[in-house]
Structures are given as C-alpha cells and as structure tokens.
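Comments concern the structure below.
There are 4 protein chains.
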Amino acid sequence: MRRILVVTFAVLLGLGALPARAQPAPGYGPNIPLEAARKILEAGIRDAQARNLAMAVAVVDTAGNLVAFGRVDGTQTASLGIAIEKAKPAVAYRRSTKVFEDAVAGGRNAILALPGIMPIEGGLLILHENRIVGAVGVSGGTAAEDGQVAAASLR
Amino acid sequence: MRRILVVTFAVLLGLGALPARAQPAPGYGPNIPLEAARKILEAGIRDAQARNLAMAVAVVDTAGNLVAFGRVDGTQTASLGIAIEKAKPAVAYRRSTKVFEDAVAGGRNAILALPGIMPIEGGLLILHENRIVGAVGVSGGTAAEDGQVAAASLR
Amino acid sequence: MRRILVVTFAVLLGLGALPARAQPAPGYGPNIPLEAARKILEAGIRDAQARNLAMAVAVVDTAGNLVAFGRVDGTQTASLGIAIEKAKPAVAYRRSTKVFEDAVAGGRNAILALPGIMPIEGGLLILHENRIVGAVGVSGGTAAEDGQVAAASLR
Amino acid sequence: MRRILVVTFAVLLGLGALPARAQPAPGYGPNIPLEAARKILEAGIRDAQARNLAMAVAVVDTAGNLVAFGRVDGTQTASLGIAIEKAKPAVAYRRSTKVFEDAVAGGRNAILALPGIMPIEGGLLILHENRIVGAVGVSGGTAAEDGQVAAASLR
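Chains A, B, C and D are the protein sequences, given in the same order. Just so you know, we're using our numbering here: the first sequence kicks off at 18 and counts up by one. Just so you know, we're using our numbering here: the second sequence kicks off at 18 and counts up by one. Just so you know, we're using our numbering here: the third sequence kicks off at 18 and counts up by one. Just so you know, we're using our numbering here: the fourth sequence kicks off at 18 and counts up by one.
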C-alpha cells in the first residue's frame with residue numbers, strides 16, 4: 018500500500034524518475050466494512066491522544082460516505098467537518114490530499130476550483146489488495162501533524 | 018404539544034408520565050465526552066445488528082457537532098446523513114424528533130418550515146444530571162424502529 | 018386573510034378591531050435607527066427574563082437586515098436563527114408572522130412554499146408614524162409566549 | 018503560521034511576544050454570558066462611532082452562535098453578515114482571522130478552501146481565564162480599522 022501511494026505522488030508531482038503509467042492510481046474495490054473502519058478510527062484517536070493533540074478522525078467508504086467518526090475531547094470545531102472533507106476528495110480523486118496541497122503550494126491555484134477539494138494534508142486512501150476501499154481524514158493539528166496521525170491510523 | 022414534550026422528557030429520564038408542565042425542557046450542560054458517546058454509539062450499533070437492521074447511529078454534542086458516528090454495513094446511503102440530521106434538531110430544539118413527527122401527523126404543518134427540522138422519530142436527547150449533553154440520531158429502519166434503537170442506545 | 022391582516026395591524030397599533038379593509042398594509046418608511054432598535058431589544062430581553070423564559074430577540078430594518086440582536090443565557094440553539102427568521106418575513110410581507118401561522122393552521126399549506134416564510138407567531142412589524150421601519154422577532158418559548166414577548170418589546 | 022498564531026494569542030492575552038510554541042491555542046471554556054457580550058458589543062459600537070465609522074459588531078459563543086449584535090446606522094449591508102462571519106471562524110479555528118489574512122497574503126492560497134473561513138482582519142477570540150468563551154467580529158471599515166475596533170471592543 019505504502020509503495021503505491023508513494024509512486025502515485027511521485028507521478029502526480031512529476032518528481033521521480035519513474036516511468037509514466039508504470040503504476041496507475043488503484044481502482045475501487047468493495048466498501049470498507051465497519052469493523053475495519055473502527056480499527057482505523059481507534060488507531061487514529063489513540064495516536065492523536067498519545068501526541069496530546071485534539072483531533073477529529075473520519076473514515077469514509079468508496080463513495081465518500083461516512084463509515085466511522087470520532088474526535089478527541091476539545092477538538093476545535095472547524096476540524097470536525099474538515100476531517101470528513103479530507104477523506105471525501107481522497108476517495109473521489111483517488112489520491113492523498115497532500116497532492117492537492119503541494120500542487121496549490123506550487124502555484125496551481127486552479128486546483129482550488131475542483132469540486133469537493135480540500136487542499137490540506139491529512140486525507141489518505143485506504144487500500145485493500147491494491148484496491149481502494151475507503152479513505153481516512155484527520156484534522157486538528159498542523160497539516161503535517163494531521164498527515165502523521167492519518168498515516169499512523171493505517172499502520 | 019407541551020404535554021407530548023413533557024412525556025418525552027419523562028421517558029428519557031426514566032421517570033414515567035408526569036403531569037403537564039411539571040418538568041420544563043432541560044438546559045444545556047457540558048458537551049458529552051468521546052468515551053460516553055462511543056458507548057452510546059456501540060450500544061446502538063449492537064442493538065441494530067441484533068435486530069438484523071442496517072442502520073446509522075450518530076452522537077452530537079450540545080452544539081449539534083458530531084462526536085461519534087458508525088453504521089452497520091449495507092445501511093442505505095440516505096440514512097447516514099439522516100442519523101446526523103435527527104440528532105442535531107433534538108439538541109437545537111431541546112426535544113425528541115418524535116415531537117415534531119407527532120405534531121406534523123396531528124396537522125401542524127407549520128413545523129415543516131422550521132430550520133433544521135427532521136420530523137421523524139429516532140432523535141433523542143442525551144441527558145446527564147438533568148442537563149442536555151448531546152443527542153443521538155438513528156436512521157435506517159422504520160421511524161418506530163429508529164426510535165427503538167435510539168432508546169436502546171441510551172440504556 | 019386580508020381581514021386577519023388588518024386586525025393584526027390594528028392590534029399592533031393599539032387601535033382595537035377595525036372594519037375590514039379600513040386600513041391597508043402600511044408602506045415602508047426609513048430604517049429604524051440603532052438606538053430605537055436597542056430599546057426594543059432590551060425591552061424584549063427584560064420581558065423574557067421577567068417570565069423566566071430563555072429567548073432570543075432580533076430587530077431588523079426595512080430590508081430585513083439585522084440591526085440588533087440579543088439572547089437570554091441558555092436559549093435553545095435553534096431559536097437564535099428563528100428569531101431573525103421571524104423578523105425578516107414580517108418586514109418582507111408586511112405582516113405579523115401569526116398571519117402565516119393562522120393561515121397554515123387553517124389549511125393553507127401553499128403558504129409554506131413562500132420564500133423566506135416563518136409561519137410561527139413572534140414576528141411583528143415595527144411602525145413609526147404609520148410606516149414600517151423594521152420588525153422584531155422573538156423565539157424560545159411557545160408560539161404564544163413568543164408573540165407576547167414580541168408585543169411587550171414594542172410597548 | 019505557527020509563530021503568527023502564538024503572537025496573536027499572546028496579544029489577546031496581554032502577555033506580549035512569546036517564543037514560538039511556548040503557548041498552544043487555548044481550549045474552549047463556557048459560553049460568554051449575555052451581559053459580557055453586551056459590554057463588548059457596546060464598546061465596539063462606541064469605538065466605531067468615535068472614529069466616525071459605520072460598522073457592524075457581532076459577538077458569538079463557543080459554538081459560533083450569535084449572542085449579541087449591533088450596527089452603527091448606515092453600515093454597508095454586506096458588513097452585517099461579514100461581522101458574524103468573522104467571529105465564527107475565529108472560534109471554530111481558535112485563532113484571529115488576521116492569521117488567515119496574513120497566510121493568504123503570504124501565498125498560502127490553500128487557506129481559501131477551508132470551510133467557513135473569512136480571511137480578513139477583524140475577528141478576535143474572547144478569552145476568559147485562558148479559555149475561549151466566544152469571539153467578536155467587526156466589519157465596515159478597512160481590514161485594519163476592523164481589527165482596531167475589534168481590539169478596542171475587548172479592552
């Protein structure tokens with residue numbers, strides 16, 4: 018999973034010396050079941066609490082619909098919606114929200130006009146047998162912290 | 018409507034039927050913490066599964082913001098949002114959504130113009146020490162089933 | 018409905034019942050100034066507090082834009098917006114929101130499709146020298162209580 | 018952004034400049050009561066009038082819900098809503114709206130995609146005993162003037 022993700026970023030960002038199309042974005046698989054979503058959610062919440070960060074964690078299915086959600090007590094209000102809004106475009110555009118953040122940071126403001134975009138790190142695809150089964154979104158810390166907790170939730 | 022309201026609160030508090038106006042709508046207390054919300058969510062999910070019903074369960078805080086959410090696999094898509102939209106007006110209007118359903122059923126169509134209303138059973142206040150700390154919303158079955166699972170989640 | 022309208026205006030003006038059509042809907046005058054709006058707001062808040070009711074009070078100008086707003090501590094969340102949403106259509110349709118409530122209660126459900134309607138008592142025109150200068154909206158109690166506090170705010 | 022954030026909080030708290038990360042964003046406390054909100058509102062209105070500026074001033078609680086609102090006569094219509102829309106994200110994101118304005122001015126356009134953002138100076142947190150109890154939003158002048166009146170309202 019990690020490998021596919023990294024390659025996807027590299028291709029999108031035009032950074033690597035990787036052959037184009039060597040590894041396309043993964044396709045959609047079945048929807049993540051509640052039990053799997055709950056484990057990701059709980060791993061994210063635990064990781065946030067271990068860092069003493071008040072964060073919201075959301076898991077969505079392949080259609081971007083909410084499967085599981087939780088938040089550490091005291092999480093800032095805006096982050097509740099943003100966690101969901103990071104997971105949704107990750108699935109809909111089949112890439113991490115960091116790809117959008119980096120693109121905008123690099124001057125590609127047109128990205129901001131894409132429907133349902135959230136150009137802040139913290140939204141990651143959930144893959145199973147090389148297919149997308151959902152996404153996780155995290156919000157409440159800095160963009161980098163959100164990304165770290167999202168990654169930790171998938172480990 | 019006043020009488021229905023009082024009885025609904027009485028049921029929530031486990032006190033049985035009370036004379037009208039004996040018990041005004043409770044005030045807002047602190048926000049429900051994640052741990053308490055998680056228990057309500059899990060009790061609701063378990064009860065839905067025991068009934069073999071595919072349902073979504075949402076817990077919101079005193080501001081109507083999402084605290085915890087889960088859904089049984091295969092829940093119909095519309096019910097994901099409706100579970101949240103039942104919990105929100107329960108808190109905002111300080112009453113069960115069944116009060117709205119009964120009022121509309123009784124011919125009070127003006128209720129339908131109220132902002133953020135969801136006039137279907139299944140949204141219940143969560144009280145702690147006689148104060149509102151949040152609400153639970155359930156959707157996916159009939160209105161009566163939604164109400165039963167919501168009540169079971171609070172037991 | 019015209020008859021109801023006229024009587025409503027008559028009550029507003031403190032003139033008692035008048036023959037139908039004896040008094041058409043008043044026209045728009047200048048916008049209510051902040052000082053006058055503040056007095057109405059404070060009179061409404063004081064009256065609500067005297068009744069031990071947690072209510073929101075809003076004053077809007079002839080365009081329905083907010084001039085002054087306040088709420089008793091602990092007012093239910095939904096009532097904050099509803100107070101404003103009662104004042105707006107009072108001005109826009111040049112009549113008390115009770116007129117809408119009575120019409121819907123009488124079976125005229127088509128009223129519910131009117132833009133910006135709020136068919137619940139508690140929105141009253143503010144008149145100065147027989148012209149509309151704004152409206153006050155009150156929410157937080159029963160429809161009748163809302164109407165009483167709105168009337169008290171104009172005395 | 019972190020540094021600006023900390024300084025903004027430090028100014029609010031009257032503590033002067035602090036080293037970065039010395040002071041994390043404050044947590045949410047209880048909602049500001051009407052009396053305190055009214056004093057802030059009136060101080061803001063008086064300050065605007067003293068500067069001969071037609072401005073709107075809004076005070077919201079920890080959930081971003083309106084507590085008190087007023088406007089100088091003749092305030093431009095758009096500013097009525099903007100005053101509220103500055104106060105809301107200050108609370109929801111636990112920082113001054115100037116932080117957003119500065120970030121966008123510095124090229125961080127991704128900020129513009131955040132939900133409910135208002136990237137113009139004039140929205141400030143209201144703190145009590147180091148906790149967020151609400152926010153004040155001011156609109157009607159230049160961004161700098163809005164910020165000055167907002168600050169004056171809290172003195």
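Even glycine gets a Cβ: it sits at the ideal position worked out from N, Cα and C.
Helix, strand or coil for residue i per DSSP?
{"i": "B:Val89", "result": "coil"}
{"i": "A:Ser156", "result": "strand"}
{"i": "D:Ala73", "result": "strand"}
{"i": "D:Gly81", "result": "coil"}
{"i": "A:Arg125", "result": "coil"}
{"i": "A:Ile49", "result": "coil"}
{"i": "D:Arg172", "result": "coil"}
{"i": "D:Arg112", "result": "coil"}
{"i": "D:Ile149", "result": "strand"}
{"i": "A:Arg55", "result": "helix"}
{"i": "B:Arg63", "result": "helix"}
{"i": "D:Ala39", "result": "Unreliable placement is indicated for D:Ala39, whose pLDDT of 41 sits below 50; the coordinate value is still reported in the next sentence. D:Ala39 falls in the coil class under three-state DSSP."}
{"i": "B:Gly164", "result": "helix"}
{"i": "B:Gly98", "result": "helix"}
{"i": "B:Pro106", "result": "helix"}
{"i": "A:Met135", "result": "coil"}
{"i": "C:Gly44", "result": "coil"}
{"i": "D:Thr25", "result": "In this prediction, D:Thr25 has a pLDDT of 42, which is less than 50 and means its spatial position is unreliable; nothing more can be read from the coordinates."}
Express the C-alpha separation of residue j and residue i in angstroms, rounding to a whole number.
{"i": "D:Val153", "j": "D:Ala75", "result": "6 angstroms"}
{"i": "A:Gly164", "j": "A:Ala100", "result": "11 angstroms"}
{"i": "D:Ala39", "j": "D:Asn147", "result": "Low local confidence applies: a pLDDT of 41 at D:Ala39 is under 50, so the model's placement there is unreliable, with the coordinate-based value given in what follows. Looking at the two C-alpha atoms, the distance is approximately 14 angstroms."}
{"i": "B:Gly71", "j": "A:Asn82", "result": "A quick correction: the sequence has Ala, not Gly, at residue 71 of chain B. Distance between the alpha carbons of B:Ala71 and A:Asn82: 15 angstroms."}
{"i": "B:Gly61", "j": "C:Arg55", "result": "48 angstroms"}
{"i": "C:Ile49", "j": "C:Gly87", "result": "17 angstroms"}
{"i": "D:Ala120", "j": "D:Ala67", "result": "31 angstroms"}
{"i": "B:Ala73", "j": "B:Met135", "result": "15 angstroms"}
{"i": "B:Tyr110", "j": "D:Ala167", "result": "32 angstroms"}
{"i": "D:Gly133", "j": "D:Lys105", "result": "8 angstroms"}
{"i": "C:Ile149", "j": "C:Gly140", "result": "13 angstroms"}
{"i": "D:Asp78", "j": "D:Gly151", "result": "4 angstroms"}
{"i": "D:Glu118", "j": "A:Glu138", "result": "20 angstroms"}
{"i": "D:Thr41", "j": "D:Val116", "result": "The question names Thr, yet the displayed sequence has Pro at residue 41 of chain D. Going from the Cα of D:Pro41 to the Cα of D:Val116 covers about 15 angstroms."}
{"i": "B:Ala130", "j": "C:Asn126", "result": "11 angstroms"}
{"i": "D:Gly124", "j": "B:Pro43", "result": "48 angstroms"}
{"i": "C:Ala53", "j": "C:Thr159", "result": "26 angstroms"}
{"i": "C:Leu22", "j": "C:Val84", "result": "Residue placement at C:Leu22 is flagged as unreliable, the pLDDT there being 36, under the threshold of 50; the coordinate-derived value follows with that caveat. Whole-angstrom Cα-Cα distance: 25 angstroms."}
{"i": "D:Val155", "j": "B:Ser96", "result": "39 angstroms"}
{"i": "C:Ala245", "j": "A:His145", "result": "The question about residue 245 of chain C has no answer here: the residues shown for chain C are numbered 18 through 172."}
{"i": "D:Glu102", "j": "C:Glu102", "result": "17 angstroms"}
{"i": "D:Tyr45", "j": "A:Gly46", "result": "41 angstroms"}
{"i": "D:Gly98", "j": "B:Asn69", "result": "48 angstroms"}
{"i": "C:Glu59", "j": "D:Glu59", "result": "13 angstroms"}
List the residues that DSSP assigns as beta-bridge partners of residue i.
{"i": "D:Gly140", "result": "D:Gly154"}
Residue i and residue j look like a contact to me (Cβ under 8 angstroms); what is the Cβ gap, rounded to whole Å?
{"i": "A:Gly157", "j": "A:Thr92", "result": "5 angstroms"}
{"i": "C:Leu51", "j": "D:Asp90", "result": "5 angstroms"}
{"i": "A:Ala107", "j": "A:Ser113", "result": "6 angstroms"}
{"i": "A:Ile143", "j": "A:Ile57", "result": "7 angstroms"}
{"i": "A:Ala161", "j": "A:Asp64", "result": "Not a contact, Cβ separation roughly 14 angstroms."}
Residues of chain E with CB under 7 angstroms from residue i, in chain order?
{"i": "D:Ala80", "result": "Of the chains in the structure shown, none is chain E; the protein chains are A, B, C and D."}
- Relative to chain A, which residues along the region 85-115 of chain B have a C-beta separation below 7 angstroms, given in chain order? Ala85, Phe86, Gly87, Arg88, Val89, Asp90, Thr94 and Leu97
Taking only beta carbons into account, state which residues of the region 128-140 of chain C come closer than 7 angstroms to chain D, listed in chain order. none
Next item on the list: Would you list, in chain order, the members of the region 51-75 of chain C that have their beta-carbon closer than 8 angstroms to a beta-carbon of chain B?
Entry: Ala71
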